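One structure below.
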Amino acid sequence: MKKIKLIIREKGRYVEIPGLAAFRSPATLNVTKVKLSVLIQALHSCGINNYELISEDEKGNKRTLGKDPITVLPEKQKDPEIGNRLDRMEDLLLKLISNGTGQKVASSEQITNRLANIERVLKKGSKVIYTEQSKGNPVVEEFEDQYIPSIDISEMQISGKTSDVVEKTLKKDIDDAVDMLSNLTKNGGK
Amino acid sequence: MSEDIVKEPEVKKVKKEDPNICIGLDCGTMHLVCARSDSEEVKVTRNVFLPVDKDDISLTKLSDISYVKGEDDELFIIGSDAFEFANLFGQSVSRPMESGLISPKEIAAIDVLTLMLKELIGETAKKEVYCSYSVPAEAIDKGRSVTYHENVFARILNNIGVNHTSVNEAMAIIYSECAAQNFSGIGISFGAGMANVAISYKGIEAHTFSTARAGDWIDKQVAEALAMIPNRVTNLKEKYMKLSGEVTIKNKKTKRVLEALYYYHKALIEYTVKKIIDEFDEKVDIEVDEEIPIVISGGTSMPEGFVNLFKSVISNYELPFEVSEIRAAKNPMTAVANGLLVRTIADVKGK
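From first to last, the protein sequence lines stand for chains Y and V. Whatever position you read off the first sequence (first residue = 1), add 18 for this note's numbering. Whatever position you read off the second sequence (first residue = 1), add 463 for this note's numbering.
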């Protein structure tokens, strides 16, 4: 049997709902036995607009209900013709957004890979990610890069002394600063 | 009689070679500065070039100077030589960057800049190279985005085969100069194109911003006031400018330039201090409950007396934070590159 839970986070409200003992918010309570329309009306009359109603079935599946009484209708069987048309439209859209090679941009595998990448980035937290340029492997140009003119210096030659040495850095100073910065980063600024 | 001493085989200590090279690359309007983890030398090149007509100059005359020979025999004199030649001929140098960002005016700039950076970074011997390069913060007084600039440098480094990330220029000063203060402080980089400011608390970037007034602004104002070309003003500034003590120059015209330079240096500092106070009041959310240092860096802060002038100006204002000291970076020219190197090594170590 489904259970319906009411959550009121707003503090300091005196709430009276028919069939339940009066209480003061914030509160979370089981309102399965209260008729939904009566419950909503009671909440309105107490001046409570910010609340959540959560429906939970036997399997533990939860669903947030709207503020107004909801009549959950049985799912309509999908019209096979409409389904086919939607599939064709999806194919058409994928073709339109593909990069001209006929390869679909957003295959489920690619979406999974992208999500995995996002997860990896999130796990790294504040760690800096260097845009990698692997020496041995050819660079795979991103789609957007096709619009950026490439830098070609193959025909250019440089002659003469182009730079001067301005300083001999003390390696120890650099190493000390690196250690302190690494420790600070590890300890979250403490 | 021979002594039967059995000699222990000599164990050679082989230092494990680091498979990575870390780099700090300061991409400034006037100078490009590079610090590497495998070298104690910090190298610098002037970020300017001068296109020359091949009919005007023969290659034999170019034997002692730095130049780039491009497609269709185009010639570009680069670095300090470009500056000297331009001054000699009364021309203005071409600048790959303008006001702290990649210049939209110079068509050849990116190719020339790529070659200059490749030379400056130098040999990497097939090692994995990681680089933090400097980017300015968005300017609060000029509506130019830094996105294009940031992406162009990323593309140049891609082209050279370097792994890269961008780091705020003024934060780099904090990394190189404020380790003893647990990376808390206000870093100010008075460059050629922009003045960049970072407010850092325990290594956390509390707020960064930039203003479009810096060394070039001073030169332009002085040049306009005295009807000169800005190159010439820059040249005199770098040769003779002092913001303290007696002026020993006898040439009247130069004296007048130096006088104007003093006024505009003071105006620049006034403007920057006011902006720091405004930004701190409006944008810094964290409670800075301890005294913090102000560290001044960048090529524009190099004239003698700049820090004292800064102290004198700031003493007229009530600040929204406590200052422990106001000091110059150990080397204003290399502080950003060294700070970027610190950050790169720390990132790569933590990988």
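By construction, the Cβ of each residue, glycine as well, lies at the ideal position given by its N, Cα and C atoms. Just so you know, these numbers come straight off a predicted model, no measurement behind them.
> Between residue 483 of chain V and the rest of its own chain, which residues show a CB-CB distance below 8 Å, the 5 nearest in sequence each way excluded?
Replying inline: 500, 590, 591, 592, 593 and 811
> So the beta strand (DSSP E) residue 70 of chain Y belongs to, where does it begin and stop?
Replying inline: 70 to 74
> With 16 as the cutoff for other CB atoms within 10 Å, does residue 37 of chain Y come out buried or exposed?
Replying inline: exposed
> Using a Cβ-Cβ cut-off of 7 Å (strictly less than) and excluding sequence neighbours within five positions of residue 89 of chain Y, which residues of its own chain qualify?
Replying inline: Since pLDDT at residue 89 of chain Y reaches only 38, below the 50 mark, its modelled position is unreliable, and no value is offered.
> Between the Cα of residue 763 of chain V and the Cα atoms of V:802, V:806 and V:704, which residue gives the shortest distance?
Replying inline: V:704
>> I'd like to know if the region 730 to 747 of chain V and the region 771 to 787 of chain V are in contact, where contact means that at least 3 CB-CB pairs between them fall below 8 Å.
In response: yes
> Between which two residues does the alpha helix (DSSP H) harbouring residue 178 of chain Y extend?
Replying inline: Looking at the DSSP string, residue 178 of chain Y is not in any alpha helix (DSSP H), and its letter there is neither H nor E.
>> Is any non-hydrogen atom of the ligand GDP found closer than 6 Å to the C-beta of residue 677 of chain V, if you look at the structure I gave you?
In response: The ligand GDP is not part of the structure shown, which contains no ligands of any sort.
> Based on Cα-Cα distance, which residue from V:561, V:654, V:687 and V:791 lies nearest to residue 496 of chain V?
Replying inline: V:654
> Interface residues of chain V around residue 200 of chain Y at Cβ under 8 Å?
Replying inline: 809, 812 and 813
>> Run through chain A and tell me which residues come within less than 7 Å of residue 179 of chain Y, C-beta to C-beta.
In response: Absence of chain A from the displayed structure is noted, the protein chains being Y and V.
> Smallest Cα separation from residue 728 of chain V: which of V:768, V:746, V:715 and V:795?
Replying inline: V:768
> Name the chain Y residues that come within less than 9 Å of residue 728 of chain V, Cβ to Cβ?
Replying inline: The premise fails here: residue 728 of chain V is roughly 22 Å from chain Y at the closest Cβ pair, so nothing lies under 9 Å.
> In terms of DSSP beta bridges, what is residue 592 of chain V paired with?
Replying inline: V:484
>> Contact criterion: CB-CB distance below 7 Å. Does residue 59 of chain Y meet it with respect to chain V?
In response: no
> Hey, quick one: how far does the beta strand (DSSP E) through residue 504 of chain V stretch, first residue to last?
Replying inline: 504 to 509
> Just the Cα atoms here: how many angstroms apart are residue 695 of chain V and residue 778 of chain V?
Replying inline: 33 Å
> Which value, in whole angstroms, describes the spacing of the CA atoms of residue 438 of chain V and residue 672 of chain V?
Replying inline: This structure cannot settle anything about residue 438 of chain V, because the visible part of chain V is limited to 464 through 814.
> Span of the alpha helix (DSSP H) holding residue 718 of chain V?
Replying inline: 715 to 746
>> As a quick exercise: from V:485, V:637 and V:540, pick the residue whose alpha carbon is nearest that of residue 585 of chain V.
In response: V:485
> Can you list, in chain order, the residues of the region 629 to 640 of chain V whose Cβ is nearer than 7 Å to any Cβ on chain Y?
Replying inline: 638 and 639
> Considering only C-alpha positions, which residue in the set V:597, V:725 and V:587 is nearest to residue 502 of chain V?
Replying inline: V:587
>> Looking at chain Y, is there any beta carbon in it that lies within less than 7 Å of the beta carbon of residue 506 of chain V?
In response: yes
> Can you check whether the CB of residue 595 of chain V is closer than 7 Å to the CB of residue 803 of chain V?
Replying inline: yes
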